[in-house]
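Trainee: Position 266 of the sequence shown, counted from 1, bears residue number 266 in full-length UniProt numbering, the numbering being contiguous throughout.
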Amino acid sequence: MKTSIPATGLERLTAQIDLGTIAHNTRIVADHAPGAAVMAVLKADAYGHGALQVARAVLAGGATEIGVTTVDEAVALREGGVTAPLLSWLSTSGFERAIDADVRIGVSSPRQLAAVVAAARTVGRPAIVHAKVDTGLNRNGVAPDEWPALREGLIAAERDGTVELQGLFTHLAHGDEPEHPFLDVQRDALAATVADARAHGLTPTQVHAANSAATLTRPDLHFDLVRPGIALYGGVPVPGRDFGLRPALTFAAPVILVKRLRKGDGVSYGHTWIAPRDTVVGLIPAGYADGVWRPLSGRIEVAIGGRRFPQVGRVCMDQSVIDLGPDGGGVSEGDTAVLFGDAPGADVAADWAEKVGTIDYEILTGVRGRAVRTYTGEQ
Ligand SMILES: *Cc1c(COP(=O)(O)O)cnc(C)c1O
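1) For a minimum of 3 consecutive residues, which ranges assigned as the beta strand (DSSP E) are wholly contained in the segment 115 to 169?
2) Classify L257: buried if its beta carbon has 16 or more other beta carbons within 10 angstroms, exposed otherwise.
3) Contact defined as beta carbons within less than 8 Å: I believe T170 pairs with H32. What is the distance between those atoms, to the nearest angstrom?
4) What residue from T135, G141, G136, L137 has the CA that sits closest to V129's CA?
5) When you compare the CB positions of I304 and A337, do they come within less than 7 Å of one another, or not?
6) Which residue or residues does DSSP assign as beta-bridge partners of S88?
7) Would you tell me roughly how many angstroms separate the C-alpha atoms of L165 and G62, rounded to the nearest one?
8) What does the shell around ligand 1 hold, if a residue joins when its beta-carbon is under 5 Å from any heavy atom?
9) Would you report the Cα separation of K2 and T250, rounded to the nearest angstrom?
10) Considering only their Cβ atoms, is the gap separating A127 from I105 smaller than 7 Å?
11) From A7 to V123, what distance separates their C-alpha atoms?
12) Would you mind reading off the limits of the alpha helix (DSSP H) that contains F182?
13) Between the beta-carbon of Y233 and the beta-carbon of H49, is there less than 7 Å?
14) Is it true that the CB of L19 sits closer than 7 Å to the CB of Y375?
15) Identify which residue in L183, I359, L13, T279 has its Cα closest to the Cα of D323.
16) DSSP on V356, reduced to helix/strand/coil?
17) Exposed or buried, which one is R241 when buried takes at least 16 other CB atoms within 10 Å?
18) Might you give, ordered along the chain, the residues of its own chain that have their beta carbon closer than 8 Å to the beta carbon of V133, omitting 5 neighbours on each side?
19) Assuming the contact rule is C-beta atoms closer than 8 Å, L202 and A173 should be a hit. Round their C-beta distance to whole Å, please.
20) Over the uninterrupted alpha helix (DSSP H) stretch that includes H44, give me the two end residues.
21) Buried or exposed, going by whether 16 or more other CB atoms sit within 10 Å of the CB of K263?
22) For the alpha helix (DSSP H) containing V54, list its first residue and its last residue.
23) Between A51, V58, T14, K43, which lies nearest to V29 when the distance is taken from Cα to Cα?
24) With a cut-off of 8 Å on the beta carbons, I'd call V372 and T26 a contact; round off their distance for me.
25) If we ignore side chains and look at the alpha-carbon of each, how far apart do G135 and V41 end up?
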């Protein structure tokens, strides 16, 4: 298994990322949207997986474009050697750098368009723009009452050669609920905006709306291009549905100390766990500063050699204790404990998410601290 840490006394907490799995997940997503291009969403350092490495994997798996939040994220990919089309959709400045690096820009207001136009004049090259339309998420995207002004601004900017409107897009409020009627509302609102743009002479060629969940479940939302994120990493896009996606990130720690406890001994701060019998415990160097959420204290199990063992007592900043049972479970110092990921018997990030009341996106992007990223399955 790729999940084993070399037995070299390398006492590292690792986020082991399998790029072959990311390519596999990308192919699954692409197969669900045969008529659309795939823009892989690599924001937030590819959901904590490492944007540059993930970029190569998604492109190998059939994605042809990459979407990120900020201009900085996009420029870093370009400087890292990524030549695929890049779209950035949340920055309000830095557009000169974007245009210079051939990064497409999402705009959500006439003010942002004005800044893009000014940047295009400075750089001396047109900006390629995707107008983001707010169809009911009420987050970013141009509000309906400002759309006519943005449209007129786009028409003027195309006329003087500072902007090329390539895309029109929106983002869904209920993407992970495939039956939700609001999906229809947003689809129709986007289509109406596209029709209005075309009626006024604009010619966007990339209309897009679908996140992972909508890509996998709602062909009517595919339009020209889909924007999957969580599915690429093997998260759970639609609770309760299995699409054959596999977790790409395995969060694992070495067992660094094994010791005997007697019945009645308390473990970790506050002694919230008292050994109910003589037992053996193992220590792993993984705590809440690394992304093992403290509210999970005493509520998770780790997988060691395919067997599950409970974590006991409070999760600390740097360490957590595992109850290996009276016979020690056959576990030795140096063995690998998988916290979550792709290993026999291991939890997945969504299991943790359910317990702490969040989503696996937050668990995955929360792996940090001393966790060292390692990569396998390089394309
Ligand atoms: C994050 C994001 C996505 C990807 O969403 P997933 O649910 O992770 O597939 C797509 N589009 C936009 C605008 C986003 O911000």
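Note that beta-carbon positions come from the ideal geometry of N, C-alpha and C, so glycine has one too.
Mentor: This is what the structure holds:
1) The qualifying runs are 127 to 132, 163 to 169.
2) Around the CB of L257, fewer than 16 other CB atoms lie within 10 Å, so the residue is classed as exposed.
3) Not confirmed; about 19 Å, so no contact.
4) Residue nearest to V129 within the set T135, G141, G136, L137 is G141 (criterion: CA-CA distance).
5) Their beta carbons are under 7 Å apart, which means I304 touches A337 by this criterion.
6) Under DSSP, the beta-bridge partners assigned to S88 are V68, I105.
7) So the two alpha carbons sit approximately 25 Å from each other.
8) Counting only beta-carbon distances shorter than 5 Å to the non-hydrogen atoms of ligand 1, the qualifying residues in chain order are V41, H171, N211, S212, R227, P228, G229, I230.
9) Reliability of the predicted coordinates at K2 is poor, the pLDDT of 48 falling under 50, and the value obtained from them is presented with this limitation in mind. Distance between the alpha carbons of K2 and T250: 9 Å.
10) Yes, the Cβ-Cβ distance between I105 and A127 is below 7 Å.
11) Because A7 sits at a pLDDT of 49, beneath the cut-off of 50, its placement in the model cannot be relied upon, and the point is left open.
12) Note, F182: alpha helix (DSSP H), 181 to 199.
13) Going by beta carbons, Y233 and H49 fall inside the 7 Å limit.
14) Contact flag set, yes.
15) With distances taken between CA atoms, D323 lies nearest to T279 out of L183, I359, L13, T279.
16) Per DSSP, reduced to three states, the secondary structure at V356 is helical.
17) R241 should be labelled exposed.
18) When the five nearest sequence neighbours on each side are left out, the beta carbons in the same chain lying within less than 8 Å of the beta carbon of V133 are those of G141, V142, W147, L168, F169, T170, A189, L190, T193, in order along the chain.
19) Between A173 and L202 the Cβ distance is about 25 Å, and since that is not below 8 Å, they are no contact.
20) Before going on, a small fix: residue 44 reads as Ala here, not His. Taken as a continuous stretch (DSSP letters only), the alpha helix (DSSP H) holding A44 covers 43 to 48.
21) Exposed: under 16 other Cβ atoms inside 10 Å.
22) Here the alpha helix (DSSP H) through V54 covers 51 to 60.
23) From the listed residues A51, V58, T14, K43, the smallest Cα separation to V29 is found for V58.
24) Their Cβ separation, rounded to whole angstroms, is 24 Å, which puts V372 and T26 out of contact at 8 Å.
25) First, the residue type needs correcting, since residue 135 is Thr and not Gly in the sequence shown. Here the alpha carbon of T135 sits roughly 20 Å from the alpha carbon of V41.
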